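S.K.:
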Amino acid sequence: MKILVDADACPKSVLYICMKVGRKYDIPVWSVANFNHNIESDHHVVVGNAPQEADIKIINMTDEGDVVVTQDWGLAAMVLGKRAKCLSPGGWEFHPDKIEFLLEEREVKNKVRRGGGRTKGPKKRGIKNDRRFEICLEQSLMNKDET
0 MKILVDADAC
10 PKSVLYICMK
20 VGRKYDIPVW
30 SVANFNHNIE
40 SDHHVVVGNA
50 PQEADIKIIN
60 MTDEGDVVVT
70 QDWGLAAMVL
80 GKRAKCLSPG
90 GWEFHPDKIE
100 FLLEEREVKN
110 KVRRGGGRTK
120 GPKKRGIKND
130 RRFEICLEQS
140 LMNKDET
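Going left to right, the sequence shown walks through residues 0 to 146 as numbering that gives the first Met the number 0 numbers them.
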């Protein structure tokens, strides 16, 4: 088992939480990001700047039973297809029975933006988000057989 972090858009506090919890449970933490990011991590993989390059690397590194941290709903769907767990930095777990709805919602929002419309972005991140994420990560690791 390992924890993989999509570090391209991951808050640094979430990466630090992953490393802290990984050390606590003796689970390696891998971060993946393109070369435009300055990431400090025990195991960091630098990829090129091509679209989706970090996502492809993460999918190729993911094995059944791993835990992946990402905000990308498309990557989350692929991770779930590999029977790995997938967590949002916001502190909630992606579930196979809900991912199709999220992908449909993403497509609707993309259509609105392509038409010149605006959609809401995420709320400002705070300490409560970090605590919720840490609890979610620990619960996922404790329930590792439930993929």
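Positions of the beta carbon are idealized from the N, C-alpha and C atoms, including for glycine.
Computed from a predicted structure; not experimentally measured.
Between which two residues does the beta strand (DSSP E) containing ASN33 stretch?
M.R.: Element bounds for ASN33: 28-33.
S.K.: Going by other Cβ atoms of all chains shown within 10 Å of its Cβ, with 16 needed for buried, is THR118 buried or exposed?
M.R.: Answer is exposed; the Cβ neighbour count stays below 16.
S.K.: Could you check the C-alpha separation between ARG191 and TYR24 for me, to the nearest Å?
M.R.: An answer regarding residue 191 cannot be provided, because it is not within the stretch 0 to 146 covered by the chain.
S.K.: Exposed or buried, what is ALA49 when buried is set at 16 or more other beta-carbons lying within 10 Å of its beta-carbon?
M.R.: Answer is exposed; the Cβ neighbour count stays below 16.
S.K.: Are the region 131-141 and the region 76-92 touching by the rule of at least three beta carbon pairs closer than 8 Å?
M.R.: In short, these stretches touch, since the Cβ pair count reaches three.
S.K.: In whole angstroms, give me the CA-to-CA distance for VAL4 and ASN59.
M.R.: About 13 Å.
S.K.: What's the C-alpha gap between VAL20 and LYS110?
M.R.: If you take the alpha carbons of VAL20 and LYS110, they lie about 38 Å apart.
S.K.: Under the three-state reduction of DSSP, which class applies to LYS127: helix, strand or coil?
M.R.: LYS127: helix per DSSP, three-state reduction.
S.K.: Contact defined as beta carbons within less than 8 Å: I believe VAL31 pairs with ILE57. What is the distance between those atoms, to the nearest angstrom?
M.R.: Indeed, because the Cβ distance is near 5 Å, the residues count as touching under 8 Å.
S.K.: Does DSSP put ILE98 in a helix, a strand or coil?
M.R.: Looking at ILE98 - three-state DSSP - the assignment turns out to be helix.
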